[in-house]
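This report refers to the structure that appears directly beneath it.
There are 2 protein chains.
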Amino acid sequence: MITRKGRYTVVFSDGPKILSFASVAGPKEAQGPLSKKFDKIIYDPKAGKATWEQAESQLQKESLGLAISKAALHAEDIDFIFSGDLLNQCISSSYGLKDFSIPYLGQYGACSTMAQTLIMGAITLESGAARLCACVTSSHFCSAERQYRFPLEYGGQRPPSAQWTVTGSGCCILGTGKGANPVICGATVGRITDLGVTDANNMGAAMAPAAAQTIVDFFSDTGKSPSDFDRIYTGDLGQVGSKLLYSLTEDAGLNIRDKHLDCGLLIFNRDLQDVHAGGSGCGCAASVLCSHILPQIKEEKLKDVLFIATGALMSPTSCQQGQSIPCVAHLVHISAGT
Amino acid sequence: MITRKGRYTVVFSDGPKILSFASVAGPKEAQGPLSKKFDKIIYDPKAGKATWEQAESQLQKESLGLAISKAALHAEDIDFIFSGDLLNQCISSSYGLKDFSIPYLGQYGACSTMAQTLIMGAITLESGAARLCACVTSSHFCSAERQYRFPLEYGGQRPPSAQWTVTGSGCCILGTGKGANPVICGATVGRITDLGVTDANNMGAAMAPAAAQTIVDFFSDTGKSPSDFDRIYTGDLGQVGSKLLYSLTEDAGLNIRDKHLDCGLLIFNRDLQDVHAGGSGCGCAASVLCSHILPQIKEEKLKDVLFIATGALMSPTSCQQGQSIPCVAHLVHISAGT
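So the protein lines, in turn, are chains P and F.
Residues 3 to 340 (our numbering) make up the first sequence, in order.
Residues 3 to 340 (our numbering) make up the second sequence, in order.
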């Protein structure tokens, strides 16, 4: 059953279970701290395909296929798939997933998409409309870089605030059933926030206010405090955005420093890997969730976690037209269910 | 309550109500057969803004604002907004809706988005996660044309199979409550279909197989027949796609000719308006639904209607890379509730 709590938060009293999860990552991610945790590493940036876009589709295909297998299911068991990505018209998802022939509901939340798909999947399961849902997203450094910034061959200089788009994908299969874990306990859906940042090379600064707003909404709606949680993970604020998040949440009377980690800072070693302010992209939060966070919840090393994926909702066109960057952050409360 | 019916269909037994709806259209649409039915016509293609993209955002802002007013609500009453559009990164939605400060869940189904937002809204209401949802989408001829095809100034020739992207927006406010109508009674979520069409100037042909598949799925799942419905509306198959739809559904033993109308053929006068195969775009199905279809249901002139919006999930990049066009169609069963 779902009950509303405050203005922005929903609570799943017998929450949907994450029956299985899988992560796929690229070669640079394989050199990072989470290397051994990914289910599969694809070392060829083109994944044996003709283009980077097709390679990104392949990442989604692999992570969905793996997650379905790990749950001992078949594609025809899945009632709905919620998926999205960063590419124009979400082509990584549509081309990557078409062969599964699963009813498809495309989601767009930029880098917040992993949290959004989990929320949509959880609501759909609780409503009775589905028995099993798949939630998947991806990003790819090469396809994102040429779409959002410059041709790779140009070798453009990147400012220190820039982040490195993760080549990776993560997929969760949601279902019901007693005893299973991790459990989705609640969610706060974000509002679009725009504090006027116009620098597309400083996504962390643009997204931090959205993350802060959603986090403040959640604690205000539920009456809980950061001490009630083992960890508070953000998606891809990176170094610049994380600092700003502390400042913004402290202005609202919340201290999350001791609990907070950012997926964009976990996936790469910033000292060794030349990623500037950290990792980013839909695939960043998704692959860290499915390789690093969910296993710890499943093993009950972490019992209560907040997962807040953040997305910047601009496009190259809106940036070229001088518009500021509207952002959104969606929060999912995941527990070990014990 | 939601029950599953067959493999692909869900039935809402005490279905969510469409409490209000609003449509906004551009100058060319104002010269068409539905001219007097739109709630608002914006005659300036730039809607007083600096760019066509900002004008498209304005269409969504206006249709959402009108629909909220017509339901005698305020923005803060709406729990979630489901929205999407055709522009890269769905910027019409994110920039158009940010000022409302409503929790935002971006959807991407290309021209199927209006049906998708209704399905997501209906499921979310039935789950108890929301009491009121807004469902909105838009398209704009000028922003779509330059993104998908050529700069307008180039004056490119259009083949007879091409369609004319509608400048328009439609919005529905969904809620619960006894007695109100129209009612959302059920839905069939589409699977991605790709029969290998690669011609981006023939969207009708690309999308017809997706529409046929979803329609066949619905009738197969429910055991109903076309004679159980007053009308079967497709979103934007146009002249070419509609003919193909008849052929494909007849191959499956269904005759829908007597019941079928296409929003893309209703919104323009093809003899007078030089739109080739008809209208298209997210705003086509949305503005026809909210100006022409829903009023007839509300007045009980139509009692049971199927609304099937179709979307082509390719991008200019995937077309340039020689990929075929994957499509999807989502079906919503709407009734007068009597």
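From the three backbone atoms N, C-alpha and C, an ideal C-beta is built for every residue, glycine too.
Asked: Report the option in Thr216(F), Ile310(F) and Cys284(F) whose CA atom is closest to the CA atom of Ser171(F).; Found: Cys284(F)
Asked: Whole alpha helix (DSSP H) runs in the stretch 113-141 of chain P with 4 or more residues, listed along the chain?; Found: 115-129
Asked: So what does DSSP say about Tyr6(F), is it helix, strand or coil?; Found: Rather than Tyr, the amino acid found at residue 6(F) in this sequence is Arg. It is a strand residue.
Asked: Considering only their Cβ atoms, is the gap separating Ser282(P) from Val168(P) smaller than 8 angstroms?; Found: yes
Asked: Counting only beta-carbon separations shorter than 8 angstroms, does Met205(P) have a partner in chain F?; Found: no
Asked: Which of the three DSSP states, helix, strand or coil, is assigned to Ile44(F)?; Found: coil
Asked: Determine, using beta-carbon pairs with one atom in the stretch 53-68 of chain F and one in the stretch 90-106 of chain F, whether at least three such pairs fall under 8 angstroms.; Found: yes
Asked: In three-state terms, what does DSSP make of Gln215(P)?; Found: helix
Asked: When you compare only the Cα positions, how much space is there between Phe220(P) and Leu333(P)?; Found: 8 angstroms
Asked: Mind checking who Gln109(F) pairs with in its DSSP beta bridge?; Found: Gln109(P)
Asked: Rank Gln149(P), Asp41(P), Gln325(P) and Arg193(P) by C-alpha distance to the C-alpha of Arg9(P) and give the top, closest one.; Found: Arg193(P)
Asked: Tell me, please, which residues DSSP counts as bridged to Arg233(F).; Found: Val307(F)
Asked: With H, G and I counted as helix, E and B as strand and the rest as coil, what does DSSP make of Thr340(F)?; Found: coil
Asked: Looking at Thr236(F): is its Cβ nearer than 8 angstroms to the Cβ of Asp264(F)?; Found: yes
Asked: Once the 5 residues before and after Val218(P) are set aside, which same chain residues still bring their CB inside 8 angstroms of it?; Found: Thr251, Ala254 and Leu256
Asked: Please name the residue, chosen from Thr11(F), Ala49(F) and Glu64(F), that lies closest to Val26(F) on a Cα-to-Cα basis.; Found: Glu64(F)
Asked: Contact check, Ala331(P) vs Ile310(P) under 8 angstroms by CB: the rounded distance?; Found: 5 angstroms
Asked: How far does the alpha helix (DSSP H) with Ala146(P) in it extend, from its first residue to its last?; Found: Phe143 to Tyr150
Asked: By the 10 Å Cβ neighbour count, where 16 or more other Cβ atoms means buried, how is His76(P) classified, buried or exposed?; Found: exposed
Asked: Out of curiosity, what's the CA-to-CA distance linking Ser89(P) and Ser320(F)?; Found: Per the sequence shown, the amino acid found at residue 89(P) is Leu instead of Ser. For Leu89(P) and Ser320(F), the distance between alpha carbons rounds to 10 angstroms.
Asked: Note down, in chain order, every chain P residue with its Cβ under 7 angstroms from the Cβ of Gly86(F).; Found: Tyr110
Asked: If you reduce the DSSP assignment to three classes, tell me which class His332(F) lands in.; Found: strand
Asked: Under 7 angstroms between beta-carbons, which chain F residues line up against Arg193(P)? List them in chain order, please.; Found: Ser103, Ile104, Pro105 and Tyr106
Asked: Does the beta-carbon distance from Cys174(P) to Phe23(P) come in below 8 angstroms?; Found: yes
Asked: Can you tell me which of Val13(F), Met3(F), Thr5(F) and Pro18(F) puts its alpha carbon nearest to the alpha carbon of Thr178(F)?; Found: Pro18(F)
Asked: Is the beta carbon of Cys292(P) sitting closer than 8 angstroms to the one on Phe14(P)?; Found: no
Asked: Please look up how many angstroms separate the CB atoms of Cys135(F) and Leu99(F), rounded, as I've assumed it's under 8 angstroms.; Found: Contact doesn't hold; Cβ gap of about 13 angstroms is too wide.
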